[in-house]
Amino acid sequence: QVQLVESGGGFVQAGGSLSLSCAVSGIFFRSHSMSWYRQAPGKQRELVASISSGYSTNYADSVKGRFTMVRDNAKNTVHLQMNSLRPDDTGVYYCNTNFNFREYWGQGTQVTVSS
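Okay, structure coming up:
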């Protein structure tokens with residue numbers, strides 16, 4: 132059974148930092164790309180960052196230079212370090228992967244950035 136469990140969300144003032152984690156089980160983790168998405172109130176879910184099995188990363192333009200995604204294959208975990216947070220970073224952040232042609236999502240973790 133594939134499971135993704137996010138942690139680390141919270142409330143922060145603009146300019147602050149938060150770190151999110153996603154613990155993954157049920158797949159051969161090191162072989163799979165992982166992604167972080169977010170969904171703001173009233174908006175569609177959007178891709179924030181992704182990391183390949185070879186550690187290549189991609190970021191949405193809106194977070195480049197502020198967010199860093201890393202993976203720890205020894206712990207089957209991915210992390211998203213978020214710095215210089217802005218109010219428009221507010222939303223529910225979801226961890227995501229694809230396995231056997233199916234997408235899997237975590238339960239989400241709330242990030243709220245106040246101005």
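The sequence shown maps to residues 132 to 246 in the numbering used here.
The C-beta atom is built at its ideal place from N, Cα and C for all residues, glycine as well.
Quick caveat: nothing in here was measured; it's all calculated off a predicted structure.
Can you have a look at E137 and say buried or exposed, based on whether 16 or more other CB atoms are within 10 angstroms of its CB?
buried
Beta carbon of F142: closer than 7 Å to some heavy atom of the ligand NAP?
Looking for the ligand NAP in the displayed structure turns up nothing, as the structure carries no ligands at all.
Looking at the unbroken beta strand (DSSP E) that takes in T199, where does it start and where does it end?
198 to 203
Do M200 and T208 have their beta-carbon atoms positioned less than 8 Å apart in this structure?
no
With a threshold of 7 Å on Cβ separation, who are the neighbours of G222 within its own chain once the five nearest residues in sequence on each side are excluded?
Taken in chain order, the residues that qualify are R169, Q170, A171, V242.
When you compare the CB positions of P218 and A154, do they come within less than 8 Å of one another, or not?
No, they are not a contact pair.
V143 versus I182 - alpha carbon distance
25 Å
Quick check: what's the CA-CA separation for L149 versus N227?
19 Å
First and last residue of the beta strand (DSSP E) that includes F142?
It spans 141 to 144 - the beta strand (DSSP E) in which F142 sits, taken as one unbroken run.
Could you tell me whether the Cβ atoms of L216 and G147 are closer together than 8 Å?
yes
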